[in-house]
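Q: Add 136 to a position in the sequence shown, counting from 1, and you land on the number used in the numbering used here.
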Amino acid sequence: MATANLNANTRTTTGKGVARKLRASGKVPAVIYGHNREAQSLSVDAHELTLLLERVPYQSTVIELAFDGGTARTLIREIQRHPFKKQYVHVDFQELVAGEKVTVKVPIHYTGVAEGVRVGGGVLDQILHELEISVDPSSIPAHINVDVTALTIGHSIHAGEITLPVGVELLSDAAATVCVCAAPKVEVAPVAAEPGVGEPELIRKAKADEAPAK
137 MATANLNANT RTTTGKGVAR KLRASGKVPA VIYGHNREAQ SLSVDAHELT LLLERVPYQS
197 TVIELAFDGG TARTLIREIQ RHPFKKQYVH VDFQELVAGE KVTVKVPIHY TGVAEGVRVG
257 GGVLDQILHE LEISVDPSSI PAHINVDVTA LTIGHSIHAG EITLPVGVEL LSDAAATVCV
317 CAAPKVEVAP VAAEPGVGEP ELIRKAKADE APAK
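1. Return the bridge partner residues of Asn172 from the DSSP annotation.
2. Output the distance between the C-alpha atoms of Glu200 and Glu231, rounded to the nearest integer angstrom.
3. Does the Cβ of Ala250 have 16 or more other Cβ atoms within 10 Å, making it buried, or fewer, making it exposed?
4. Could you give the DSSP three-state label for Gly296: helix, strand or coil?
5. In whole angstroms, what is the alpha-carbon distance linking Val322 and Gly258?
6. Under the rule that 16 or more other beta-carbon atoms within 10 Å means buried, what is Lys163, buried or exposed?
7. Taking just the CA atoms, how far does Leu189 sit from Gly256?
8. For a test of the three-state rule: what should DSSP assign to Pro301, helix, strand or coil?
9. Could you pull out every residue in the same chain whose Cβ sits closer than 8 Å to the Cβ of Ala166, ignoring the five residues on either side in sequence?
10. Taking only the alpha-carbon atoms, compute the straight-line gap between Lys157 and Leu185 and give it to the nearest angstrom.
11. Is the distance from the Cβ of Val282 to the Cβ of Ile298 below 7 Å?
12. I need the boundaries of the alpha helix (DSSP H) containing Arg209, first residue and last residue.
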């Protein structure tokens, strides 16, 4: 289970005007909600949040959110970004409760070299890059391993064929193709035209002093 730390401050004022002032001061408006908890308004440092999001896959990382002298184990459930500025507008945190499963998207980690690539010169086409799963918060895997070593040309791996850790339930479509080993592309060399073949016949109008050909 991947974890990260983030500091937050509680706030009692809300509204668009308050949110604009927070962003202007380098803060990002946020909210925390969860089991038996009323939604509580927070703010987080924009720079600290940016560094965290660049470092970890937030969809599957448990965030130890520190505020009010304590901490809450959370998942980031939604991030709103400015439509054209490099700026985060709002963040939603969900508080986690042990024993209460959550739905998360976990990155796929491909391992090994496919036989079709190693022997046949094929190409491994990675179609899916994450899986949606249901799992206890204490057992969220950092990633799901998919071993492609035995994959030959023309064959694929589907989501339902992946071995998941104990306690992890697959929510993605079991029939979804995760990856496929495709045959190598063969480039066809252009065929050069034979000299003189296909050249158009020159037709010109006879001059007045020339007799027409018989």
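Note that CB positions come from ideal geometry on N, CA and C, so glycine has one too.
A: Once the coordinates are examined:
1. By one-based count along the sequence shown, residue 172 stands at place 36. Answer is none; Asn172 lacks a bridge partner.
2. Within the sequence shown, numbered from 1, the residue matching residue 200 stands at position 64. Within the sequence shown, numbered from 1, the residue matching residue 231 stands at position 95. Glu200 and Glu231: Cα-Cα distance of roughly 10 Å.
3. Position 114 of the sequence shown, counted from the start, is the residue given in the question as residue 250. Counting Cβ neighbours within 10 Å, Ala250 comes out buried, since at least 16 surround it.
4. By 1-based counting over the sequence shown, the position of residue 296 is 160. Helix.
5. Start at 1 with the first residue of the sequence shown, and residue 322 comes out as number 186. Start at 1 with the first residue of the sequence shown, and residue 258 comes out as number 122. Looking at the two C-alpha atoms, the distance is approximately 11 Å.
6. Numbered from 1 along the sequence shown, position 27 holds the residue referred to as residue 163. By the neighbour-count rule (16 or more Cβ atoms within 10 Å), Lys163 is buried.
7. Taking the sequence shown and counting its residues from 1, the one referred to as residue 256 is at position 120. Taking the sequence shown and counting its residues from 1, the one referred to as residue 189 is at position 53. Computed Cα separation, rounded: 39 Å.
8. The count along the sequence shown starts at 1 and reaches residue 301 at position 165. In this structure, Pro301 counts as coil in the three-state DSSP scheme.
9. Here residue 166 refers to the residue found at position 30 of the sequence shown. These residues qualify, in order along the chain: Ala144, Ser177, Leu178, Ser179, Val180, His226, Val227, Asp228 and Phe229.
10. Residue numbering aside, residue 157 sits at position 21 when the sequence shown is read from its first letter. Residue numbering aside, residue 185 sits at position 49 when the sequence shown is read from its first letter. Going by the C-alpha atoms only, they are around 17 Å apart.
11. Residue mapping note: residue 282 aligns to position 146 of the sequence shown, counting from 1. Residue mapping note: residue 298 aligns to position 162 of the sequence shown, counting from 1. Yes, these two residues count as a Cβ contact at 7 Å.
12. Looking up residue 209 in the sequence shown gives position 73. It is not in any alpha helix (DSSP H) - Arg209 instead sits in the beta strand (DSSP E) that spans Gly206 to Arg217.
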